[in-house]
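Going down the list, the sequences are from chains C and Y. The working numbering applies: residue 61 is where the first sequence begins, and numbers increase by one. The working numbering applies: residue 2 is where the second sequence begins, and numbers increase by one. In what follows, a single structure is set out as structure tokens and then discussed.
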Amino acid sequence: MTNQAILCVDDERIILLSLRDQMSKHFGEHYRYEFAESVEEAWEVVEDLSLDQIQILIIVSDWLMPGMRGDEFLIEVHQRFPKIITVLLSGQADEAAIENARQHASLHAYIPKPWDEATLIDVIRSGLEKIDE
Amino acid sequence: MVRRSLNRISQNWTIPKQWHGKSSLRNVLIIPFVLQIVGTVGLVGYLSFRNGQQAVNDLANQLIDRTNDLVQQHLDRYLAGPHQINQVNCAAIELGLVNLQDFQQVGHFFWKQMQVFDVDYIDYANEAGEFIGVERLENGQFLINETLKSNLSQMMIYNTDRQGNRTSSHLYPEPAEPIQQEGWYADAARTKRPVWSPIYQWDDKPNILSISSSYPILQQQKLIGVIGVDLVLSRVSEFLHKLEISPNARIFIIERDGTIVATNDRQATYETIDHQIQRLNILNSQDSFTQAVALQLQQQYGSFAAIHYPSKLILQLNQERIFGQVMPWKDQFGLDWLVVVAVPERDFMTRINQNTHLTILLCALAGLLSIAIGILTTRWVIRPILRLNQAAHAIAAGRLDQTLPIQSSDELGELAISFNRMAEQLRTSFAALAATNQALEERVEERTASLHLKNEELTQTLKQLQAAQAELIQAEKMAVLGQLVAGIAHEVNTPLGAIRASIGNVTAAVENCLHCLPHLYQTLPPQQLNEFFDLLAQAQHPQEMLSFREERQLRRQLKQQLLDRSIAHADALADNLSKMGIPADLDRWMPLLQLENSKFIVETAYHLTAIQNNSQNIVLAVERAAKIVFALKNYARQDSSGKLIEASITDGIDTILTLYYNQLKRGVEVHKSYACIPLVPCYPEELTQVWSNLIHNALQAMDYRGDLTIAVDQVDQYVVVQITDSGTGIPPEIQDQIFEPFFTTKPIGEGSGLGLDIVRRIVAKHQGKVELKSQPGHTTFSVWLPMIADLGPNDQSGNSMC
Numbered sequence: 061m062t063n064q065a066i067l068c069v070d071d072e073r074i075i076l077l078s079l080r081d082q083m084s085k086h087f088g089e090h091y092r093y094e095f096a097e098s099v100e101e102a103w104e105v106v107e108d109l110s111l112d113q114i115q116i117l118i119i120v121s122d123w124l125m126p127g128m129r130g131d132e133f134l135i136e137v138h139q140r141f142p143k144i145i146t147v148l149l150s151g152q153a154d155e156a157a158i159e160n161a162r163q164h165a166s167l168h169a170y171i172p173k174p175w176d177e178a179t180l181i182d183v184i185r186s187g188l189e190k191i192d193e
Numbered sequence: 002m003v004r005r006s007l008n009r010i011s012q013n014w015t016i017p018k019q020w021h022g023k024s025s026l027r028n029v030l031i032i033p034f035v036l037q038i039v040g041t042v043g044l045v046g047y048l049s050f051r052n053g054q055q056a057v058n059d060l061a062n063q064l065i066d067r068t069n070d071l072v073q074q075h076l077d078r079y080l081a082g083p084h085q086i087n088q089v090n091c092a093a094i095e096l097g098l099v100n101l102q103d104f105q106q107v108g109h110f111f112w113k114q115m116q117v118f119d120v121d122y123i124d125y126a127n128e129a130g131e132f133i134g135v136e137r138l139e140n141g142q143f144l145i146n147e148t149l150k151s152n153l154s155q156m157m158i159y160n161t162d163r164q165g166n167r168t169s170s171h172l173y174p175e176p177a178e179p180i181q182q183e184g185w186y187a188d189a190a191r192t193k194r195p196v197w198s199p200i201y202q203w204d205d206k207p208n209i210l211s212i213s214s215s216y217p218i219l220q221q222q223k224l225i226g227v228i229g230v231d232l233v234l235s236r237v238s239e240f241l242h243k244l245e246i247s248p249n250a251r252i253f254i255i256e257r258d259g260t261i262v263a264t265n266d267r268q269a270t271y272e273t274i275d276h277q278i279q280r281l282n283i284l285n286s287q288d289s290f291t292q293a294v295a296l297q298l299q300q301q302y303g304s305f306a307a308i309h310y311p312s313k314l315i316l317q318l319n320q321e322r323i324f325g326q327v328m329p330w331k332d333q334f335g336l337d338w339l340v341v342v343a344v345p346e347r348d349f350m351t352r353i354n355q356n357t358h359l360t361i362l363l364c365a366l367a368g369l370l371s372i373a374i375g376i377l378t379t380r381w382v383i384r385p386i387l388r389l390n391q392a393a394h395a396i397a398a399g400r401l402d403q404t405l406p407i408q409s410s411d412e413l414g415e416l417a418i419s420f421n422r423m424a425e426q427l428r429t430s431f432a433a434l435a436a437t438n439q440a441l442e443e444r445v446e447e448r449t450a451s452l453h454l455k456n457e458e459l460t461q462t463l464k465q466l467q468a469a470q471a472e473l474i475q476a477e478k479m480a481v482l483g484q485l486v487a488g489i490a491h492e493v494n495t496p497l498g499a500i501r502a503s504i505g506n507v508t509a510a511v512e513n514c515l516h517c518l519p520h521l522y523q524t525l526p527p528q529q530l531n532e533f534f535d536l537l538a539q540a541q542h543p544q545e546m547l548s549f550r551e552e553r554q555l556r557r558q559l560k561q562q563l564l565d566r567s568i569a570h571a572d573a574l575a576d577n578l579s580k581m582g583i584p585a586d587l588d589r590w591m592p593l594l595q596l597e598n599s600k601f602i603v604e605t606a607y608h609l610t611a612i613q614n615n616s617q618n619i620v621l622a623v624e625r626a627a628k629i630v631f632a633l634k635n636y637a638r639q640d641s642s643g644k645l646i647e648a649s650i651t652d653g654i655d656t657i658l659t660l661y662y663n664q665l666k667r668g669v670e671v672h673k674s675y676a677c678i679p680l681v682p683c684y685p686e687e688l689t690q691v692w693s694n695l696i697h698n699a700l701q702a703m704d705y706r707g708d709l710t711i712a713v714d715q716v717d718q719y720v721v722v723q724i725t726d727s728g729t730g731i732p733p734e735i736q737d738q739i740f741e742p743f744f745t746t747k748p749i750g751e752g753s754g755l756g757l758d759i760v761r762r763i764v765a766k767h768q769g770k771v772e773l774k775s776q777p778g779h780t781t782f783s784v785w786l787p788m789i790a791d792l793g794p795n796d797q798s799g800n801s802m803c
């Protein structure tokens, strides 16, 4: 099976469930899809995948979460894994946070909730293409 | 009188105090003046009167002493005379110078003696009964009376010339008594010593009292005759009478039995009882004053005989004082008399009283004159002052046109000038004041008009402000809402996103199923088909909802089991099985999994499950969205009825917590402690504004990280909601200000500053109160709401919301 993964982080289970089916529907078995309900869990997943020699290509993160906000999480991710494409998916994020993520996390895209499925897929696809380049 | 006037003075001393308040200036000046004069004059009069009385006493005593001395001396001298004559005659007889046989010579000798001595009778009688004597008449003539032994019963009376020669003679008309029986002779003859005879009255002149001094003539112890000298005691009375003492003074000399010897009262010294003439006792004196004095003396001493020493007396007669002195007088020949001097006080007092009357008159005159002068002076001094007073009163009453006549150049004149100047200044000032007043009134009218205008403007502004305030309150509510909306957008968008995605997923899953199921039915033997549906059933009724972490573990376990059983596509199978929640005990599914197309079978099963999963996801998302919308609706609801509604306090708080859910979840731990309390009559939508403001402030105070404690309790008849945050706290110096409108610590644009003012207003509307306790890390706002509100007619129901 593939050694490349897409990680989604959101405190809302309903979001993660719907993302999971959307992802697998479009990208099938080309990638692994991992889901974390908090930033803390996300780091666990990152560690696990790293142990399994699985490369994380894209992280899609919510902005408003308990413990840590999405832009801060993505900045940290970018500092440790600069190659990972970062995407914000949020019902509400202020401009300053998005700008912060753009500058310090090389934010690939911000997708507002409720998102359009095609937009999401396009963003992920363009992100994947970015990696290929 | 003097004493009474003194009393009046002493009474008056206390009067000025009582008068002080009411007395006019005139009285104040006159009364002390008059009092002083009356006092001085009265005192002078009293002292002069007293000195006068003292002088009277002294004078009376001196006078009486002097009079007594004179009387004593006179008596001593006068009554010594007869004895001296007798002694001289005795000596002459002894020496033989006088021949007692020769009556011619003896008579002449006696005549000669009479010229020298002031006595009334000098005589000699012998044992034979012969008598020779020379008598002094009242007219100054001398008679020689002679009885010879030739005829012892007749007496020849001879007139005498200037040389003492006998001239004419006549016979005494009555026969003479034997000489030996006459008292003057008998006493001396019997005792053979010189003696005084008793006092006797003349037969023809009973008012004349006489006394005789008799000497016996002895030759060889044999009595040959007796010589005698008669003394008229009436002459003592004459002497007493001549003494100038005082008009009513009485001097009398009495014997020890009270019979009168001499007096100066010129009254008879005898009385006639049964045709017998007797000497008068002083107690029967016809002079009432004399009699009264004697009576008092007798009463005081018991009897006249008891008086042995000179003494002074003050007697009281008819309320009149009598100065008196009584003094015994004696001689060696047996006379023992009392000399009494009595002077009535009035003799001196007449003069003194005249003086006193004069003094009083003069005092009264001086007093009246002084008072008159005083009153005139006072009036003269006061009149300008009174006029000044009247003018001042007039000015005080508003009549400013007062001018005082200037009558003198003294201080009062200066006062009048000053007053006139002052009045003039007052007139000027008042005129200026009136002008200023007029101007002021005009200005006040102008100001009033402009103020009226301003007032209307202000009223208008106030109305606008009130409207603006209502708008502001609503705006504040909307501002809080606006801040909420940011979070709520996320809250709403999250389920919306999930719904949108899930719908797409369901659609895709259905399509997949439609595509896969026929193939599955065709390829799968019935046994495996049943197992497939069992698998499906297992997936659709999972024993428990797995978290993504648990799912990952499950996936790992499943993969390991599949690998252990050498089943192909372990990764993909484990992935789908874990997503379906199939427990990691794969023995039951092994027949199915060992099939060649197991990957396809499980995939198809997952698609079928995904329809249900996504549908379930949609339900959850819709519930989330509905909850938020409901909370929003609760929050923004405008209840226009303005009536109290029985509502649950905790429900209101929970609504706000729902709205703030996404802000709370960032880093705030909410601790709720709700006691079981009944429904409370309140304005619920307004209370939610209270909770949202307080919770919003609490979250901001701790920057969305920390502990938020919400406690609802019942204390007495109050529901107490305590909202506590663990923020930095409110500095004490601004704790008093935070409830004031437009007070804010937030940057401009972030807060209206109305939040806590609105909280306070709403709580006050509920008859409740808001309290604040703050220290770093622990800030509590306590809202007290009465459970039985007297705000409206709603009755208290017993419903509890626990």
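Ideal Cβ positions, reconstructed from N, Cα and C, are used throughout, including at glycine. As the structure is a prediction and not an experimental result, all values here were calculated from the model.
- For Val760/Y against Leu709/Y, the beta-carbon gap comes to about 17 Å, at or over 8 Å, which does not count as contact.
- Excluding sequence positions up to five before and after Arg625/Y, its CB lies within less than 6 Å of the CB of Pro496, all in the same chain and listed in chain order.
- Pro207/Y and Asp258/Y have their C-alpha atoms spaced approximately 20 Å apart.
- Using beta-carbon distances, Arg667/Y counts as an interface residue toward chain C, with a partner under 8 Å.
- Neighbourhood of Asn614/Y in chain C, by CB distance below 7 Å: Leu77, in chain order.
- When C-beta distances to chain Y are compared with 8 Å, the residues of the stretch 124–138 of chain C below that value are Leu124, Met125, Pro126, Gly127 and Arg129, in chain order.
- Looking at the DSSP output, Pro787/Y sits in a beta bridge with Tyr719/Y.
- Here Lys150/Y carries a coil assignment [DSSP, helix/strand/coil].
- Using a Cβ-Cβ distance cut-off of 8 Å, the stretch 170–177 of chain Y and the stretch 194–202 of chain Y are not in contact, since fewer than three pairs of beta carbons, one from each stretch, lie closer than that value.
- For Phe95/C, the enclosing beta strand (DSSP E) starts and ends at Arg92 to Ala96.
- Residue-level contact by beta carbon holds for Ala96/C and chain Y, with a gap shorter than 8 Å.
- For Lys190/C, the enclosing alpha helix (DSSP H) begins and ends at Glu177 to Asp192.
- Here the alpha carbons of Ile315/Y and Tyr186/Y stand approximately 44 Å from one another.
- At a cut-off of 8 Å between beta-carbon atoms, Ser150/C makes contact with chain Y.
- Distances from the CA of Glu741/Y to each of Asn127/Y, Gln776/Y and Leu757/Y were compared; the closest alpha carbon is that of Leu757/Y.
- Close to chain C, meaning a Cβ-Cβ distance shorter than 7 Å, are the following residues of the stretch 534–557 of chain Y: Ser548, Phe549 and Arg550.
- Any Cβ of chain Y closer than 8 Å to the Cβ of Trp175/C would place that residue at the interface, and such an atom is present.
- The DSSP assignment places complete beta strand (DSSP E) segments of no fewer than 3 residues inside the stretch 641–691 of chain Y at 646–648, 669–675 and 681–683, in order along the chain.
- For the stretch 695–720 of chain Y, no residue has a beta-carbon sitting nearer than 9 Å to a beta-carbon of chain C.
- Using a Cβ distance threshold of 8 Å, Ala510/Y and Ala611/Y count as a contacting pair.
- For Arg280/Y, the uninterrupted beta strand (DSSP E) run begins and ends at Gln277 to Arg280, by DSSP.
- Along the stretch 484–517 of chain Y, going in chain order, the ones with a CB nearer than 8 Å to a CB of chain C are Ala487, Gly488, Ala490, His491, Glu492, Val493, Asn494, Thr495, Pro496, Leu497, Gly498, Ala499, Ile500, Arg501, Ala502, Ser503, Gly505, Asn506, Ala509 and Ala510.
- The beta carbon of Leu336/Y sits closer than 7 Å to those of Leu80 and Trp197, all from its chain and outside the five residues before and after it, given in chain order.
- Remark: C-beta atoms of Trp785/Y and Tyr684/Y do not approach each other more closely than 8 Å.
- Within the DSSP secondary-structure output, Lys143/C pairs in no beta bridge.
- Apart from sequence neighbours up to five positions away, the residues of its chain that approach Ala293/Y with a beta-carbon distance below 6 Å are Leu318, ordered along the chain.
- Taking C-beta atoms as the reference points, Gln114/Y and Ile145/Y fail to come closer than 8 Å.
- Residue state for Asn694/Y is assigned as helix, using DSSP reduced to three classes.
- Taking C-alpha positions only, Asn421/Y is separated from Ala398/Y by approximately 16 Å.
- Residues of the stretch 596–614 of chain Y with a C-beta less than 7 Å from any C-beta of chain C: Ala611 and Asn614, listed in chain order.
- Classified as buried, Glu97/C has 16 or more neighbouring CB atoms from the shown chains inside 10 Å of its CB.
- Nearest neighbour of Asp122/C by Cα position, chosen from Leu134/C, Asp112/C, Glu107/C and Gln113/C, turns out to be Leu134/C.
- Look at His570/Y here: in three-state DSSP terms it is coil, with no helix or strand label.
- The beta carbon of Asp81/C falls within 8 Å of a beta carbon belonging to chain Y, placing the residue at that interface.
- Gln74/Y sits exposed, since fewer than 16 C-beta atoms from the chains shown fall within 10 Å of its C-beta.
- For Leu621/Y, the chain C residues whose Cβ falls inside 7 Å of its Cβ are Ile74, in order along the chain.
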